[in-house]
Amino acid sequence: MMLKLVDVFGYLSVILRAGTLVFQSLLLGGVLFVLWIARPTSEIADGNFAKVQSSSLRMLRIAAIGLAVVQAFYLYVNSAVLMATAEIGLRDVVGANFFISGSVIFVAATLTAALARPGRKLAAIWLAVLVTVALGASVMTNHAASRMEGRVSLIIVSSLHELATGFWIGGLPFLVLGLFVSGDRPTQWYITKRFSRLALVCVGVIVATGIGMSLSYIGSWGALYGTAYGVMVSAKALMLGALMVLGGVNFLLLRNCSPDAVMPRLRRLVEAEVGIGITIILTAASVTSQPPAVDLVNDKVTAQQAWSRIKPTWPRLGIEALAQSSANTPARDGVQTDSAPKAPPTSVDGTPLSPKNLADIEESELNHHWMGLLVLAMGVLALLARSGKAKWAEYWPLLLIGIAIFIIVRADSEAWPLGPQSFWATCLRPEDLQHRLAALVCIGFAVFELRVRKLKLENHPAALAFPLMCALGGALLLTHSHNLTNIKEELLAELSHVPLGILAVFAGWSRWLEVRLPAKDRAVPAWIWPACFVLIGAGLLNYREM
Amino acid sequence: MRRALHGPWISILLTIILLNGFSQPAWAHAILMESKPAIHSSVKGPEVAIWLRFNVRIDGSRSRLRLLAPDGSQQALPLAKQENPDILQSQASGMKPGAYTLQWQVLASDGHISRGEVAFTVT
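So the protein sequences, as listed, match chains G and S. So for the first sequence, our numbering puts the first residue at 1; every next one is plus one. So for the second sequence, our numbering puts the first residue at 1001; every next one is plus one.
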């Protein structure tokens, strides 16, 4: 029971950490935006700034309430788990570092929510103090606080990293909101220029502190790909690179084009920046659930082990294997498929796999490979449709129905339609119910996307649902906890899943941009997302578990 | 044989709709770097000193050690006062020859709860 409780707690705690980091960033970005970016100037009428300030303060209040709620939940859950597993009372929990830090953040966030109202001049100073206190308390629950060596310098570097992240990424939603509510070009131009200068400084601080922390927490090139921590940090760096490209485009637009030419494009680009930026913060939450790479002395995956898992190999698509794995035959000793390895299959450490494990792995790989084939086909058709040379390829969303059928048929080999258990006997079993609902959603998306394309509904807000789902799915792939029971296998799975998550995020936001940008600017993103689909399909086709 | 499908499309849909995603069912942060007795080592009883060193600062007053004896019985081990923030110490007495498992659960200074085991034999 004790072990189970801590296990279940794992994923929830990553989600709570993610919530904390996102709301904390919004608080930092929001306060800076209100106090400095959207500070009234004599060049622009006061009334315009009043609208921006008022809406920004409203969003700041919401973020503060969000942070307070997440902290209250975190305190409750962490305390409950600690009390149950360590068999101690609440009085003993109260003195723990996490409890003190969480309580401070809760109080600071609650007071911020109370003070973030228009027309309170003194409140401005208090808002700055409160978010600084919240940041300080938050840093006391990250890796830096528990290190044995270089603790003080790591706390300072982490604080700067989180501060710059908050100012930039947390400030972006306020910029989007400001651009939306201000309505007039001079105000929009003023706040955008100010934000752009700030973002430039923040990017420098994020990169410098990120490199500093990587040197301390990762320590070697081998750990960059040989540990889950290193891989997730690499994922963060890659997405930061994409964010910097978008920011760079904005930077050049601002300096080379007129306000009227820039603003329609810039707003949409910033929206994508917000999405990718928040995904980076979510990935950071996942990183905090892992021990720093330098501490994994004996459990790093070697380059050879990683390569043997990711090197291109012919996919497992045999119909014979498909039928056998669906026929509820867990042990298939002696069965040879086209892709069956000649040498006895082993785990990453060279331990021979049991027939049951082997059968499970083969079935999982088979599922991934068929799914990969369908996603690859979708990507190729979408590219063809984009080229304008194959009108029929516009019907690529129909492949989503193929995925739905695949889910229904393959999700549970014990259940209908291939297994011995009937549809009705399994329809209320949670796993089967989930799979069938997912299949229904796939069908819904197929119909919906087809309508968007054929009826030219791309300017309809509902057209954003599909890219959002894609981006959110990718973000969730990157936001997870890790266990230490089989570190190397975990990492090897990570090596295949993390790129898929990043590609899904890029696919989602590039499709978002295609829908949102002015028609003449859609060419580049319109090519990116189908290419991401192709790469996701290829990645799935090469997925292996042994 | 039942395996959840783990393709991104499936996970996208499942995680979003029903929170049934790729999440691994455990987390960990504190790692046991060194221990006495060492994992899978043999030590002489009946008095055995327990010494555990972790990679991070540990909140000793909110951490626990439990000893599983060869006969299946369990015993909570009292922790000595921490001399170093990354080290936990205890003392087990009256240990008969056989295979033991030391279960540890620690609260790291940053609030993470981690756990693990050290299997050893008393001769």
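Cβ atoms here follow ideal geometry from the backbone N, Cα and C, with glycine treated the same way.
In the three-state reduction of the DSSP assignment, G:Thr20 falls in the helix class. Exclusion of the five residues before and after S:Pro1097 leaves Val1122, Thr1123 as the residues of its chain whose Cβ lies within less than 6 Å of its Cβ. G:Ala63 is positioned such that its CB atom lies no closer than 8 Å to that of G:Phe106. The bridge partners DSSP lists for S:Arg1066 are S:Ala1076, S:Gln1103. Beta-bridge annotation (DSSP): S:Gly1116 is paired with S:Trp1104. For G:Ile88, the closest Cβ of chain S is nearer than 8 Å. For G:Asp521, the CB contacts under 6 Å within the same chain, skipping 5 residues up- and downstream, are Arg265 in chain order. Measuring C-alpha to C-alpha distances from G:Ile206 to each of G:Gly501, G:Ile156, G:Ala272, G:Phe423 identifies G:Ile156 as the nearest. Here G:Leu428 is exposed. Its C-beta has fewer than 16 other C-beta atoms within 10 Å.
Counting along the chain, S:Trp1051 sits inside the beta strand (DSSP E) bounded by residues 1048 to 1054.
When 7 Å is used as the limit between beta carbons, S:Ala1108 is near these residues of chain G: Ser146, in chain order. Fully enclosed alpha helix (DSSP H) runs of no fewer than 4 residues occupy 221 to 226 of the region 194 to 233 of chain G, in order along the chain. Identification of residues in the region 131 to 144 of chain G having a C-beta nearer than 9 Å to some C-beta of chain S yields Met140, Thr141, Asn142, His143, Ala144, given in sequence order. In the three-state reduction of the DSSP assignment, G:Lys520 falls in the helix class, which pools H, G and I. A Cβ-Cβ distance of about 5 Å is found for the pair G:Leu246 and G:Glu273, placing them in contact under the 8 Å criterion. Judged by DSSP in its simplified three-state form, S:Glu1034 adopts strand. At a cut-off of 8 Å between C-beta atoms, S:Gln1105 counts as an interface residue with respect to chain G. Closer than 8 Å to the CB of G:Ser510 there is not a single CB belonging to chain S.
Around the beta carbon of G:Tyr76, fewer than 16 other beta carbons lie within 10 angstroms, which makes this residue exposed. DSSP lists no beta-bridge partner residue for G:Gly247. Scanning its chain for C-beta atoms nearer than 8 Å, with the 5 sequence neighbours on each side dropped, one finds around G:Tyr225 the residues Val231, Ser234, Val301, Ala303, Ala306, Leu495, in chain order.
Here S:Arg1053 is near S:Ile1087, since their CB atoms are less than 8 Å apart. Sequence-distant partners of S:Gly1060 (beyond 5 residues in either direction) whose C-beta falls short of 7 Å from its own C-beta, in its chain, are Leu1079, Gln1082, Leu1088. From the beta-carbon of S:Gly1072, no residue of chain G is found nearer than 8 Å; the closest lies around 16 Å away. Residue state for G:Gln290 is assigned as coil, using DSSP reduced to three classes. Excluding its 5 nearest sequence neighbours in each direction, G:His368 has C-beta neighbours in its own chain below 6 Å: Leu540, Tyr543, listed in chain order. Interface residue (Cβ-Cβ distance to chain S less than 8 Å): G:Ser214 is not classified as such.
With distances taken between CA atoms, G:Gly204 lies nearest to G:Leu163 out of G:Ala223, G:Leu163, G:Phe174. Taking CB atoms only, S:Gly1111 has a neighbour in chain G less than 8 Å away.
The contact set of G:Asn78 on chain S, defined by CB atoms closer than 8 Å, consists of Gly1111, Ile1113 in chain order. In the structure shown, S:Leu1088 adopts extended strand secondary structure according to DSSP, grouped into three states.
By the C-beta criterion, the region 50 to 57 of chain G is judged to be in contact with the region 179 to 195 of chain G, since at least 3 inter-stretch pairs fall below 8 Å. Note on G:Lys488: 16 or more other CB atoms within 10 angstroms of its CB, so buried under the neighbour-count rule. Against G:Thr283, chain S offers no close residue; the least beta-carbon distance is about 13 Å (beta-carbon pairs closer than 7 Å).
Rounded to the nearest whole angstrom, the CA to CA distance from G:Leu376 to G:Arg436 is 23 Å.
What S:His1040 touches in chain G, judged by beta-carbon distance under 8 Å, is nothing: the nearest beta carbon there is about 14 Å away.
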